[in-house]
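Residue numbers (numbering that gives the first Met the number 0), protein chains in the order written: chain A, 0 to 290; chain B, 0 to 354; chain C, 0 to 298.
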Amino acid sequence: MAWVNAIIQGVLTGGLYALFACGLSLMFGVMKVVNLAHGDLAVVAGYIAVGVIAVTHIPVLWSFIIVVPIMAVAGYVLQRTLIQGALDRSVLTTLMVTFGLSVVIENALLQFFTANSRGLGVGNAFITSSFSLGSQIQIAYLLVLIFAVAVVVLVGLQYFLSRSKYGRLIRAVADDKEAAQLSGVDYRHVFGVAAAIAFGTVALGGIAYGMYSQLAPTTGTDTILLFAFAAVVIGGLGSLWGTLLGGVVLGVAQQIGAQINISDEVLAGFIVFLAVLVIRPEGLTGRRARS
Amino acid sequence: MSLVTEATVRSEEKFRVTRSRRNVAWTGAGALIVVVVLALFPYIVYSGTTTIMVQAFIVLTMASMWNLLAGYAGLVSVGQQGFVGLGAYFVLILALHGASPFAALPVAAIGCGAAAFPLWWLVSRLRTGYFAIATWVMAATIMLIIERFSSIGGGTGLPLPGLAGFSATLLSAYTYWIGLAVTVVALTATYLLLRGRLGLVLTAVRDDEVAARSSGARVGLARMLVFIVAGIGCGAAGGLLAISQLQVQPSAVFSVQWTAEMAFAAIIGGLGTIEGPIVGTAVYMVLQQTLASYNAWYLIILGLVAMFVALFARRGLWGLVDEHLHVRLFPVGYWLHEPGAGRRRQRRRADGQPG
Amino acid sequence: MTSAGNGTQAGASKPLLEVRGLTVHHGQLRALDRVSLRVFPGEVYAIIGANGAGKSTLLRTIAGLHKPTEGVILLDGQDLTRVRPERRATRGIAMVPEGRRLFESLTVEENLQVGMTYARKGPWTIERVYELFGWMRERRAQRTAQLSGGEQQSVAIGRALVANPRVLLLDELSLGLAPVVVRRIYGMLPQILATGLTVLLVEQDVSQALRVASHLQCLLEGHTTLEGRPTDVTAEQVEAAYFGLGAPGPEVLGPEVPGLGPGPGGPGGYGGAGSPPVSRRGLGGIAPPEETGAPLWLG
Numbered sequence: 000m001a002w003v004n005a006i007i008q009g010v011l012t013g014g015l016y017a018l019f020a021c022g023l024s025l026m027f028g029v030m031k032v033v034n035l036a037h038g039d040l041a042v043v044a045g046y047i048a049v050g051v052i053a054v055t056h057i058p059v060l061w062s063f064i065i066v067v068p069i070m071a072v073a074g075y076v077l078q079r080t081l082i083q084g085a086l087d088r089s090v091l092t093t094l095m096v097t098f099g100l101s102v103v104i105e106n107a108l109l110q111f112f113t114a115n116s117r118g119l120g121v122g123n124a125f126i127t128s129s130f131s132l133g134s135q136i137q138i139a140y141l142l143v144l145i146f147a148v149a150v151v152v153l154v155g156l157q158y159f160l161s162r163s164k165y166g167r168l169i170r171a172v173a174d175d176k177e178a179a180q181l182s183g184v185d186y187r188h189v190f191g192v193a194a195a196i197a198f199g200t201v202a203l204g205g206i207a208y209g210m211y212s213q214l215a216p217t218t219g220t221d222t223i224l225l226f227a228f229a230a231v232v233i234g235g236l237g238s239l240w241g242t243l244l245g246g247v248v249l250g251v252a253q254q255i256g257a258q259i260n261i262s263d264e265v266l267a268g269f270i271v272f273l274a275v276l277v278i279r280p281e282g283l284t285g286r287r288a289r290s
Numbered sequence: 000m001s002l003v004t005e006a007t008v009r010s011e012e013k014f015r016v017t018r019s020r021r022n023v024a025w026t027g028a029g030a031l032i033v034v035v036v037l038a039l040f041p042y043i044v045y046s047g048t049t050t051i052m053v054q055a056f057i058v059l060t061m062a063s064m065w066n067l068l069a070g071y072a073g074l075v076s077v078g079q080q081g082f083v084g085l086g087a088y089f090v091l092i093l094a095l096h097g098a099s100p101f102a103a104l105p106v107a108a109i110g111c112g113a114a115a116f117p118l119w120w121l122v123s124r125l126r127t128g129y130f131a132i133a134t135w136v137m138a139a140t141i142m143l144i145i146e147r148f149s150s151i152g153g154g155t156g157l158p159l160p161g162l163a164g165f166s167a168t169l170l171s172a173y174t175y176w177i178g179l180a181v182t183v184v185a186l187t188a189t190y191l192l193l194r195g196r197l198g199l200v201l202t203a204v205r206d207d208e209v210a211a212r213s214s215g216a217r218v219g220l221a222r223m224l225v226f227i228v229a230g231i232g233c234g235a236a237g238g239l240l241a242i243s244q245l246q247v248q249p250s251a252v253f254s255v256q257w258t259a260e261m262a263f264a265a266i267i268g269g270l271g272t273i274e275g276p277i278v279g280t281a282v283y284m285v286l287q288q289t290l291a292s293y294n295a296w297y298l299i300i301l302g303l304v305a306m307f308v309a310l311f312a313r314r315g316l317w318g319l320v321d322e323h324l325h326v327r328l329f330p331v332g333y334w335l336h337e338p339g340a341g342r343r344r345q346r347r348r349a350d351g352q353p354g
Numbered sequence: 000m001t002s003a004g005n006g007t008q009a010g011a012s013k014p015l016l017e018v019r020g021l022t023v024h025h026g027q028l029r030a031l032d033r034v035s036l037r038v039f040p041g042e043v044y045a046i047i048g049a050n051g052a053g054k055s056t057l058l059r060t061i062a063g064l065h066k067p068t069e070g071v072i073l074l075d076g077q078d079l080t081r082v083r084p085e086r087r088a089t090r091g092i093a094m095v096p097e098g099r100r101l102f103e104s105l106t107v108e109e110n111l112q113v114g115m116t117y118a119r120k121g122p123w124t125i126e127r128v129y130e131l132f133g134w135m136r137e138r139r140a141q142r143t144a145q146l147s148g149g150e151q152q153s154v155a156i157g158r159a160l161v162a163n164p165r166v167l168l169l170d171e172l173s174l175g176l177a178p179v180v181v182r183r184i185y186g187m188l189p190q191i192l193a194t195g196l197t198v199l200l201v202e203q204d205v206s207q208a209l210r211v212a213s214h215l216q217c218l219l220e221g222h223t224t225l226e227g228r229p230t231d232v233t234a235e236q237v238e239a240a241y242f243g244l245g246a247p248g249p250e251v252l253g254p255e256v257p258g259l260g261p262g263p264g265g266p267g268g269y270g271g272a273g274s275p276p277v278s279r280r281g282l283g284g285i286a287p288p289e290e291t292g293a294p295l296w297l298g
């Protein structure tokens with residue numbers, strides 16, 4: 000039964016990982032940018048939420064209403080300025096610039112907020128409690144809520160990409176940005192929109208993580224970035240459902256690892272990631288990449 | 000297209016291609032003098048200074064490795080801290096079995112080179128962005144695996160044995176000398192590699208990978224070689240780290256901060272030149288020493304400067320010097336002598352400039 | 000197929016699209032050297048030339064994908080030279096790029112919808128494109144990656160049409176397509192022109208170009224070697240201009256094009272494709288080859 004509990008925990012955690020991962024996947028799919036500061040942005044969002052809550056006394060669960068739009072706008076601006084500038088130079092430059100950004104963000108957080116981790120105390124007794132199925136299965140309401148939010152976001156994103164005008168433009172620009180220009184599309188603007196979405200979703204993930212666990216300056220890279228990347232690789236690029244699947248597989252692998260040996264939780268996830276990399280690099284749902 | 004000018008060949012004379020020989024002799028002599036002077040440091044300066052120098056040696060070695068990877072082979076690795084940690088732990092393990100850490104260091108470096116083979120196999124097929132994060136995950140995985148073994152200290156680490164018999168001054172002198180040796184070997188090896196066939200292949204790949212492959216360049220092999228050399232170099236730096244800190248802790252030796260420091264130093268100094276990492280390390284040390292009391296500030300500033308350089312001054316500080324003074328201390332390029340144009344030389348960019 | 004020419008005669012009105020002294024470099028290579036042209040409303044202007052002559056570069060520069068080193072591009076008198084490519088589309092230039100360049104993960108209809116996103120007002124709609132290409136309506140939900148070459152070409156043309164441009168740029172329509180398909184596509188031109196469009200096209204298949212063009216220019220290594228109406232040039236003049244052989248310079252219409260002498264010495268090293276088929280029937284008033292000693296071209 001403990002194993003069933005572990006698997007359920009893993010599946011639900013996978014929702015959180017998918018929330019982290021979809022922005023990374025979007026930015027890579029659309030503009031071929033691997034944003035190494037992706038995880039740190041989630042942490043920044045969490046810290047902003049702490050500040051916003053302190054100032055506006057908004058209930059913690061609703062803090063995302065303010066924080067997500069802020070991060071989305073920041074994403075658009077950062078994309079149009081910094082990342083586009085780096086993209087215009089070369090792919091290597093974007094890696095170096097986003098890595099630099101990651102280090103700067105982390106150390107700035109360290110400098111101004113110390114290394115202590117902090118959480119977003121949810122405060123609502125109902126949410127922080129859990130319910131039981133049988134004697135050995137305990138499921139936190141918060142985790143179920145986060146999973147539900149993740150699914151809603153992914154469904155919404157999928158719908159947006161396949162049905163809306165901007166979704167179409169994003170897909171077109173991802174296919175051939177020069178041809179899109181010929182049809183009057185300013186691809187830099189579309190990149191900005193994609194980045195805004197990526198920043199917004201990862202901000203949501205960061206706030207969720209802050210509620211569920213604790214955020215520290217290094218959480219962005221230690222945890223979020225590497226897990227998000229692992230989820231994308233395991234699930235496969237090009238499909239949001241793949242990202243959810245990847246997150247779930249990662250979560251389950253981690254929980255199973257924890258069952259075997261409590262300190263092997265993270266390692267188990269990475270080993271699955273490396274295995275997928277070796278055996279099926281295009282991921283569980285990915286198509287064989289065309290070169 | 001890169002070695003031939005626009006104008007059609009008007010005469011029967013051939014193009015001549017020569018290596019830079021003129022200033023290598025001067026640079027070689029100069030470098031030798033510098034090394035000798037540096038070797039005398041423990042006799043001249045306080046051990047506080049030599050300790051700082053050891054830090055500089057560590058960063059310089061790592062920076063030249065990162066420069067090899069990113070500036071020449073086009074591989075942006077954010078996981079070199081994995082080799083740093085491995086190098087430190089190899090030294091620790093050998094020392095735990097009775098070896099002298101100083102003797103263990105070269106062995107540890109070779110060990111890291113051997114470890115680089117399977118790691119390369121794991122990541123070599125990945126494209127640039129994926130490659131970067133995958134190396135990061137690999138480094139994290141290596142750390143997690145090592146932490147499982149309590150015999151080498153588990154999550155908290157161990158002090159480094161085998162150095163108790165030395166007096167403080169002597170220890171610091173030996174550490175300094177081995178640090179100097181590591182750095183000299185690293186720089187010399189980099190220079191020789193890039194002057195040789197490897198450098199030519201890497202430059203050709205950077206200009207046009209498809210053309211390079213079809214001309215017979217073994218691109219994958221060249222990149223793998225660079226990855227392994229970088230593994231050896233970072234491993235040696237890690238061993239040096241262990242010796243200088245007298246202890247090996249996983250969170251310290253596997254910290255991504257090492258990659259940050261080596262990357263920033265290499266970028267600021269100038270990717271794609273051998274002199275670059277030297278300049279970059281100097282900048283790093285100045286910043287670190289002046290801002291030491293302000294904790295994380297030096298990394299923030301270093302990071303911002305590196306980002307600025309990557310965007311606007313792509314060839315780094317040394318590149319700016321090179322552009323205006325046309326100086327190469329460690330030239331690895333070629334001179335193309337056009338026929339019929341008298342003794343006037345036309346320099347073609349066949350000497351490893353990034354993008 | 001008669002050569003199209005149902006627009007205003009040259010000289011009777013202002014040019015719709017004008018290019019003056021355009022020089023374009025790819026790095027150190029000079030791809031275009033002081034090329035000029037004037038396209039009048041309703042015309043079909045064809046650019047021909049061998050591989051590497053600079054034809055596609057010319058079109059791409061007009062569309063805004065390359066920055067010229069020198070020269071001016073004018074649309075209806077307005078200077079477009081520094082305008083970004085996506086803004087040129089809204090001003091009235093639409094290009095069907097070489098190799099189709101469809102959005103492969105999108106369906107046929109979605110491709111057209113992207114084309115419509117920043118469209119100008121005009122007669123072309125997605126419905127009208129479906130009418131032009133009869134097969135398209137049924138297949139509109141299919142991903143374009145699954146279409147044949149000819150079908151993709153049609154979708155690419157449709158994508159450009161729905162933007163309601165004033166000038167339609169067609170880059171190497173015939174590339175990779177069977178001759179029968181090419182003919183059918185070019186057969187659509189009259190219907191396209193009837194809605195008030197002007198066409199500037201690049202074509203490697205010289206006979207096809209001569210069949211549809213009201214005006215043509217031949218490029219060789221970035222220079223203009225021939226310019227005029229198909230009815231006014233002979234087959235061997237075209238051949239000479241195409242290959243840069245030492246034929247006597249033809250009469251040139253348009254004073255801004257420099258006088259053409261014999262081309263650069265020696266034929267060596269021209270692009271791959273082999274002799275361009277030129278149909279004798281497509282040209283008016285040429286001397287029979289036996290008189291001039293020129294090789295017989297097979298149409």
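Note that beta-carbon positions come from the ideal geometry of N, C-alpha and C, so glycine has one too.
These figures come from a predicted structure and were not determined experimentally.
Helix, strand or coil at residue i according to DSSP, with G and I counted as helix
| i | result |
| --- | --- |
| Gly227(C) | strand |
| Leu259(C) | Residue confidence is low: Leu259(C) scores 38 on pLDDT, short of 50, so the model does not pin down where it sits. No coordinate-derived value is stated. |
| Leu199(C) | strand |
| Thr92(A) | helix |
| Gln77(C) | strand |
| Arg19(C) | strand |
| Ser129(A) | strand |
| Arg124(B) | coil |
| His25(C) | strand |
| Ile156(C) | helix |
Straight-line Cα distance separating residue j from residue i
| i | j | result |
| --- | --- | --- |
| Gly51(C) | His222(C) | 11 Å |
| Trp296(B) | Leu109(A) | 10 Å |
| Tyr44(C) | Ala193(C) | 15 Å |
| Ile227(B) | Phe116(B) | 7 Å |
| Arg119(C) | Arg158(C) | 13 Å |
| Ala210(B) | Tyr208(A) | 48 Å |
| Ser12(C) | Val38(C) | 11 Å |
| Ile136(A) | Val148(A) | 22 Å |
| Arg19(C) | Thr80(C) | 10 Å |
| Val36(B) | Leu179(B) | 11 Å |
For residue i: DSSP bridge partner residues
| i | result |
| --- | --- |
| Met142(B) | DSSP, once it has assigned bridges, lists no residue as partnering Met142(B). |
| Arg79(A) | According to DSSP, which records beta bridges pairwise, Arg79(A) is partnered with nothing at all. |
| Cys217(C) | Ile47(C) and Leu225(C) |
| Gly246(B) | Note on residue identity: the sequence assigns Gln, not Gly, to residue 246(B). Paired residue(s): Pro158(B). |
Stretch-stretch touch, CB-based, cutoff 8 Å, three pairs: the segment 134-142 of chain C with the segment 83-101 of chain C: no
Between the segment 160-180 of chain C and the segment 190-206 of chain C, do at least 3 Cβ pairs fall closer than 8 Å? yes
Please determine if the segment 156-176 of chain A and the segment 32-39 of chain A are in contact, where contact requires at least 3 C-beta pairs separated by less than 8 Å. no
Hey, which unbroken runs of the alpha helix (DSSP H) at 4 residues or more fall wholly within the segment 209-253 of chain A? 225-234
Which parts of the segment 14-84 of chain B are runs of the alpha helix (DSSP H), unbroken and 4 residues or longer, counting only runs that do not cross its ends? 21-38, 40-43 and 46-65
If we require 4 or more residues per run, which alpha helix (DSSP H) segments fall completely within the segment 243-290 of chain B? 249-252, 256-268 and 274-289
Entirely enclosed beta strand (DSSP E) segments - the segment 95-164 of chain A, minimum 3 residues: 129-132 and 136-139
Is there contact here, the segment 229-242 of chain B with the segment 104-124 of chain B, by at least three beta-carbon pairs under 8 Å? Segment contact: the segment 229-242 of chain B against the segment 104-124 of chain B, three or more CB-CB distances shorter than 8 Å; contact assigned.
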